[in-house]
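Read the structure below first, then the notes.
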Amino acid sequence: MATDISQPRTRAPRPSIGVVEWLRQNLFSNWWNSLISIVLLIIISQVLWGLFRWIIGSEGWIAVASNVRLILLGRYPSAEVWRPQLIVAMASLLLGLSGGIWRGIPLSLAAGFSGIMLLLGFVSFAMPASETPLPISTTLFLFGTAALGAAGIAAAWRLRDMLRWPVVAGWLLLYPVAILILHGSGGDTTIGTNLWGGLLLTLLLSVSGIVLSFPLGILLALGRRSKLPVIKWFCVGYIELIRGVPLVTLLFMASLMLPLFLPAEVRIDAVVRAIVAVTLFSAAYLAENVRGGLQSLPRGQTEAAQALGLNPVQITLLITLPQALRAVLPVLVGQFIALFKDTSLVVIIGLTDLLGAAQAIYTQPQWLGIPGGVWRETFFVVAGIYWVFTFTMSRTARKIESNLNVGR
Amino acid sequence: MKRQMLVLLVAALAMILAACGGQQPQAPAAEPAAPATEAPAAPEAPETPDTPEATEEPEATEEPAEVPTAEPAPAGGEMAQPVTGGMLQTIISRGNLICGANQVLPGFGNVDAAGEFSGFDVDFCRAVAAAIFDDPTSVEFRPLTAAERFTAVQTGEVDVLIRNTTHTLSRDGAVGLDFSPITFYDGQGMMVRIADGIDSLEDMAGARICVQTGTTTELNLADNFRARGLDFEAVVFQDADATFAAYDTGQCDGFTTDKSGLVSYQTKANDPSEHKILDVTMSKEPLAPSVLQGDAQWADAVRWIVFATIEAEELGITSENIDTFMDSDEPTIRRFLGIEGDLGEGIGLPNDFAARVIRHVGNYEEIYNRNLGPDTPFNLPRGQNALYTDGGLLYSPPFR
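Taken in sequence, the protein lines are chains A and B. Number 94 in the UniProt record's numbering belongs to position 94 of the first sequence; there are no gaps in the numbering. Number 259 in the UniProt record's numbering belongs to position 259 of the second sequence; there are no gaps in the numbering.
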């Protein structure tokens with residue numbers, strides 16, 4: 001096109017603009033632009049100054065600092081903190097190994113995770129000593145996790161091919177093993193889910209939601225494209241019904257209605273019920289996303305597979321599904337982000353997730369003397385935790401998206 | 001084919017709506033929508049009003065059953081025993097009590113930094129557990145929101161609800177709860193600025209008053225001002241904390257909520273000494289534990305556990321001095337502590353249940369002072385929550 005030739009010429013003047021010139025051109029080009037700029041500048045500096053003064057001067061941070069465990073683990077017994085710590089360490093090692101094996105996105109995730117752990121390790125020096133001593137010192141744990149992640153990267157860098165399958169198996173086993181470790185195996189070692197809370201519960205709900213809804217959603221998506229009317233109608237009915245109601249409704253159904261239908265002796269755990277509701281909800285949306293991927297495949301793919309003599313199961317598992325999932329991967333990550341935030345709704349059914357922990361903290365009586373309460377500080381920190389997770393996920397989704405586009 | 005599918009869908013939707021109708025007030029609004037969208041759904045529609053009745057029916061039918069069991073109990077303790085109200089047996093065989101509690105109300109139900117529940121209501125949960133198991137830790141706390149608390153009792157999700165719940169007729173009747181004696185007499189109060197020179201509600205004609213919307217508080221406020229022929233402007237908020245924040249920043253002349261809440265809010269104010277709480281009490285808010293209607297034995301057990309804390313205060317028995325009472329000669333005390341007689345048996349509890357409660361949790365005064373008393377940030381005067389001998393309303397029937 002014609003612009004191709006003119007490109008160097010239009011770009012040239014840019015570097016010659018100095019800061020003052022740029023300001024004059026963009027912010028103070030005439031009197032009313034200058035007025036708007038000055039007013040906005042005053043407002044912005046006021047807000048930033050206020051924020052800064054609040055962050056530095058507020059005495060409410062002590063509430064957050066002394067309730068770190070409530071935010072992270074809820075009412076999980078302090079003597080058993082090693083269990084979640086063990087899981088985090090395992091995840092860190094796996095992440096490090098994956099980073100070393102596949103490089104790219106896993107590598108930056110692993111490096112980022114270890115970096116955050118390292119940072120938190122330094123921050124933990126500044127924390128007031130916990131009332132109840134932890135079995136493994138928190139600082140040691142944080143540095144250890146960071147080191148484990150780095151060690152994973154280094155180990156996998158060398159033994160790339162040897163570790164590939166063990167790491168995949170490790171990831172697949174991580175979820176059931178984590179649940180087993182957290183819950184214990186019966187007897188005195190069992191820790192009831194009523195004690196799980198905070199970030200632990202938020203992560204559990206969202207990870208369970210995505211892990212369990214994944215197979216269910218794929219089955220529903222395939223079922224919806226089935227030629228058998230009963231299966232098809234069932235799937236269509238399920239998907240449209242679930243997508244037609246808000247998550248809150250499902251949570252209320254699971255929490256309040258389900259016990260009415262069950263005999264009195266049968267008690268289903270409140271967390272399990274929430275997980276079921278979240279899974280059912282997420283599966284319907286996942287099914288629609290996967291169906292979109294399936295529909296985007298050219299017909300030729302299936303026809304070519306048929307011509308090669310593959311049976312329908314083989315066609316689905318080997319040809320259509322992998323391509324469809326690849327196409328919708330960024331969308332699925334987006335859905336995971338939404339699900340992660342949606343889990344905060346479980347506060348309504350009395351579970352103490354991250355948001356619930358914040359509520360529990362700012363209503364503790366010992367902060368009553370602090371003018372204005374401590375809810376701003378508590379919510380600020382909790383919002384920060386949500387942000388770190390969702391921002392990481394959305395950046396990852398964007399990277400996956402751009403990687404896939406390069407591949408095509 | 002498409003039409004069939006739609007019919008199926010609408011039918012399924014109607015059934016879900018019917019199921020929701022039992023619990024949620026939105027259901028009636030959604031109900032007419034189903035027949036409107038699709039004619040074949042009309043036969044399904046009657047199901048909607050049916051189902052809520054069906055869910056409530058068990059309570060209605062059990063109500064008469066409760067009367068005969070309750071009658072013979074005073075006549076002879078033996079009679080109550082055979083009518084094993086299941087619930088107590090279920091709790092004993094389960095090995096712990098499940099108590100519906102609040103975790104976001106300072107002083108009444110809270111989770112501390114160590115993850116332990118504490119508060120006035122929470123201590124009564126512990127008292128019930130102590131009476132049954134001789135162990136105040138044999139209790140699982142189920143945090144409940146205001147929206148789900150009654151359903152949680154109805155579905156057996158919790159054994160007992162001790163979550164700052166006001167005892168009212170409709171909750172006793174239509175909701176299907178059985179209330180225990182009142183543990184805390186609360187009432188709606190009004191906070192104003194001292195500088196405004198307000199001494200009573202009569203001085204507040206035309207005032208702007210911050211109030212949380214959708215609560216009985218809002219209705220009581222309107223009732224009280226109408227009864228006095230006064231105008232006022234309600235400034236409403238969804239959230240209790242936002243309501244107070246608005247008052248504290250000067251958007252309103254007054255702030256109203258329950259008096260126990262006002263006291264804790266005053267400490268949160270930017271300058272607590274600027275504010276005062278008027279003497280007037282605009283409504284009765286008696287807070288009481290409750291259990292599901294239809295199990296007289298269990299309701300009796302909870303009732304007398306609460307009475308035991310009050311009786312203990314009257315007798316001067318505390319968790320510290322209880323051992324000196326164990327060899328008391330006074331028959332009242334001997335019966336009360338279960339050293340002689342078989343009082344506990346009549347309500348399905350061990351004879352020394354009162355002693356267990358006092359030893360592990362303490363008497364009413366100890367519970368009150370631990371959570372709301374002078375050493376706490378609330379420093380709430382006993383007021384109506386004093387013993388009848390001190391001019392309050394707490395009164396326990398005799399243990400005999």
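Where is the CB? At the ideal position from N, CA and C, for every residue including glycine.
Starting from residue i, trace the beta strand (DSSP E) in both directions and tell me its first and last residue.
| i | result |
| --- | --- |
| residue 292(B) | 290–292 |
| residue 276(B) | 275–277 |
| residue 208(B) | 207–212 |
| residue 185(B) | 184–193 |
| residue 256(B) | 254–258 |
| residue 133(B) | Here residue 133(B) belongs to no beta strand (DSSP E); instead the alpha helix (DSSP H) covers 120–133. |
| residue 177(B) | 177–179 |
| residue 109(B) | 109–111 |
Hey, would you say residue i sits closer than 8 angstroms to residue j, going by beta carbons?
| i | j | result |
| --- | --- | --- |
| residue 273(B) | residue 380(B) | no |
| residue 89(B) | residue 292(B) | no |
| residue 287(B) | residue 165(B) | yes |
| residue 101(B) | residue 150(B) | no |
| residue 242(B) | residue 257(B) | no |
| residue 163(A) | residue 97(A) | yes |
| residue 319(B) | residue 366(B) | yes |
| residue 289(B) | residue 137(B) | no |
| residue 274(A) | residue 351(A) | yes |
| residue 250(B) | residue 232(B) | no |
| residue 361(A) | residue 70(A) | yes |
| residue 371(B) | residue 120(B) | yes |
| residue 387(B) | residue 314(B) | yes |
Using three-state DSSP, classify residue i as helix, strand or coil.
| i | result |
| --- | --- |
| residue 99(B) | strand |
| residue 265(A) | coil |
| residue 65(B) | Unreliable positioning characterises residue 65(B) in this predicted model, as indicated by a pLDDT of 37, which lies under 50. The coordinate reading is nonetheless provided below. Three-state result, residue 65(B): helix. |
| residue 311(B) | helix |
| residue 385(B) | helix |
| residue 236(B) | strand |
| residue 341(A) | helix |
| residue 377(A) | helix |
| residue 117(B) | strand |
| residue 137(B) | coil |
| residue 348(B) | coil |
| residue 158(A) | helix |
| residue 48(B) | In this prediction, residue 48(B) has a pLDDT of 37, which is less than 50 and means its spatial position is unreliable; nothing more can be read from the coordinates. |
| residue 371(B) | helix |
| residue 188(A) | helix |
| residue 312(A) | helix |
| residue 284(B) | strand |
| residue 77(B) | Caution is warranted here: a pLDDT of 36 is assigned to residue 77(B), below 50, making its placement in the model unreliable, and the coordinate value is therefore given only provisionally. If DSSP states are grouped into helix, strand and coil, residue 77(B) belongs with the helices. |
| residue 245(A) | coil |
| residue 394(B) | strand |
| residue 363(A) | coil |
| residue 160(B) | strand |
Looking at the unbroken alpha helix (DSSP H) that takes in residue i, where does it start and where does it end?
| i | result |
| --- | --- |
| residue 438(A) | Residue 438(A) lies beyond the stretch modelled for chain A, which goes from 1 to 408, so this question has no answer here. |
| residue 148(B) | Residue 148(B) -> no alpha helix (DSSP H), and no H or E assigned at all. |
| residue 28(A) | From DSSP, residue 28(A) is part of no alpha helix (DSSP H); its letter is neither H nor E. |
| residue 358(B) | 353–360 |
| residue 96(A) | 82–102 |
The region 124–137 of chain B contacting the region 300–310 of chain B, beta-carbon criterion three pairs below 8 angstroms: yes
Taking only beta carbons into account, state which residues of the region 373–394 of chain A come closer than 7 angstroms to chain B, listed in chain order. 373, 375
Is it true that the region 295–302 of chain B meets the region 197–215 of chain B, where meeting means three or more beta-carbon pairs spaced less than 8 angstroms apart? No: the two stretches stay apart, fewer than three of their Cβ pairs being nearer than 8 angstroms.
What residues from the region 287–303 of chain B come within 7 angstroms of chain A, judged by C-beta to C-beta, listed N to C? none
Pairing CB atoms from the region 153–168 of chain A with CB atoms from the region 98–105 of chain A, are three or more of them under 8 angstroms? yes
Measuring CB atoms only, is the region 256–275 of chain A touching the region 228–240 of chain A, in the sense that at least three cross pairs come out at less than 8 angstroms? no
The region 357–370 of chain A: positions lying closer than 9 angstroms to chain B by Cβ: 357, 359, 360, 361, 362, 363, 364, 365, 366, 367, 368, 369, 370
Indicate whether the contact test is met: 3 or more Cβ pairs, each with one atom in the region 330–344 of chain A and one in the region 391–403 of chain A, closer than 8 angstroms. A contact is defined here as three or more CB-CB pairs under 8 angstroms, and the region 330–344 of chain A meets this definition with respect to the region 391–403 of chain A.
At a cut of 8 angstroms, does the region 51–70 of chain A reach the region 370–386 of chain A through at least three beta carbon pairs? yes
Anything in the region 187–201 of chain A with a Cβ closer than 9 angstroms to a Cβ of chain B? List those residues in chain order, please. 192, 194, 195, 197
When the Cβ atoms of the region 206–215 of chain A are set against those of the region 264–283 of chain A, are three or more pairs found closer than 8 angstroms? Touching, per the Cβ criterion.
Pairs of beta-carbons, one from the region 286–298 of chain A and one from the region 315–329 of chain A, closer than 8 angstroms: are there three or more? Taking 8 angstroms as the limit for Cβ pairs, the verdict is that the region 315–329 of chain A does touch the region 286–298 of chain A.
Could you tell me whether the region 188–197 of chain B touches the region 274–281 of chain B, using the rule of 3 or more Cβ pairs below 8 angstroms? yes
Quick one: any contact between the region 358–377 of chain A and the region 220–238 of chain A, if contact means 3 or more CB pairs under 8 angstroms? no
Residues from the region 152–185 of chain B in contact with chain A, defined by Cβ distance under 7 angstroms: 155, 156, 157
Proximal residues, the region 24–37 of chain A versus chain B, C-beta separation under 7 angstroms: none
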